[in-house]
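J.:
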Amino acid sequence: MRRMNFHGRIILALVALSVVSTSAMADWHQFWHNMHVGFHRNNAWPDPYNDVDARDVIAPFEIMKHNGWRLNNTMGAQLFREGDGALLASGHEKLYWIATQAPPNRRNVYVLRGRNERETNARVASVRDSLARYDRNGVPELFVIDREPSTGSGARATAVNRMWMDAMPTPKLPSQSASGTAASTAP
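Going by mature numbering (1 follows the signal peptide of the UniProt record, and there is no 0), the letters in the sequence shown line up with residues -26 to -1, 1 to 161, in that order.
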């Protein structure tokens, strides 16, 4: 009876060892696989991340470009006739430039929303009618936006520019030359 008990223990130990060794072997192969992957990942280190980093650096500038084109291609209230929403001559000129001269991927037209739905619909209809007259490939997309582009009067811009020019110091040559001697062109 004692021998059976001893043999039973040995068999039980062998069964337990075989179960543990197979899982240990599986972990061992996984360990070497992870080492292999880690080795190659470390050797190729910056390359897999360069594209992601470049996209992250460029993303804010792409947003700025998109916002600039949206500002440029916005048909504001000053380009429509008050009341009926018909395009003025300046509006036709701007729309013609957007539809024919802007880069093809930037030919989106943004119409500023009117004071009410009727005025907005009249503006959109006027822009669509004008776009239909131009002979070009494809129709630019039309978007209605709520955000009015910031503008200022021409008189204010001229006044600011003149103040800047008046405050600019007059050009003057240095009193000494680069070699440290007195300049030869003394007044």
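Every residue gets a Cβ at the ideal spot worked out from N, C-alpha and C, and that includes glycine.
With C-beta atoms as the reference, is L45 less than 8 Å away from F54?
T.: no
J.: When DSSP labels each residue in this structure, what does T132 get in the three-state scheme?
T.: helix
J.: What's the gap between the Cα of I(-17) and the Cα of D1?
T.: 25 Å
J.: Classify M(-26) as helix, strand or coil using the three-state DSSP reduction.
T.: Interpretation of M(-26) is limited by its pLDDT of 45, a score under 50 that renders its predicted location unreliable; the figure taken from the coordinates is listed afterwards. Three-state result, M(-26): coil.
J.: In whole angstroms, what is the alpha-carbon distance linking A133 and G112?
T.: Roughly 42 Å between the two C-alpha positions.
J.: According to DSSP, is Y70 part of a helix, a strand, or is it coil?
T.: Per DSSP, reduced to three states, the secondary structure at Y70 is helical.
J.: Could you have a look at D27 and say whether DSSP puts it in helix, strand or coil?
T.: helix
J.: Can you list, in chain order, the residues of its chain with a C-beta nearer than 6 Å to that of W43? Leave out the 5 residues immediately preceding and following it.
T.: Apart from the 5 residues on each side of it in sequence, W43 sits with its Cβ closer than 6 Å to the Cβ of R80 in its chain, given in chain order.
J.: From H14, W6, G65 and V118, pick the residue whose C-alpha is nearest to that of N95; which is it?
T.: Closest option to N95, Cα to Cα, is V118.
J.: When the Cα atoms are used, what is the spatial distance from N(-22) to L(-15)?
T.: It is roughly 10 Å from the alpha-carbon of N(-22) to the alpha-carbon of L(-15).
J.: State yes or no: is the C-beta of T74 within less than 8 Å of the C-beta of R107?
T.: no
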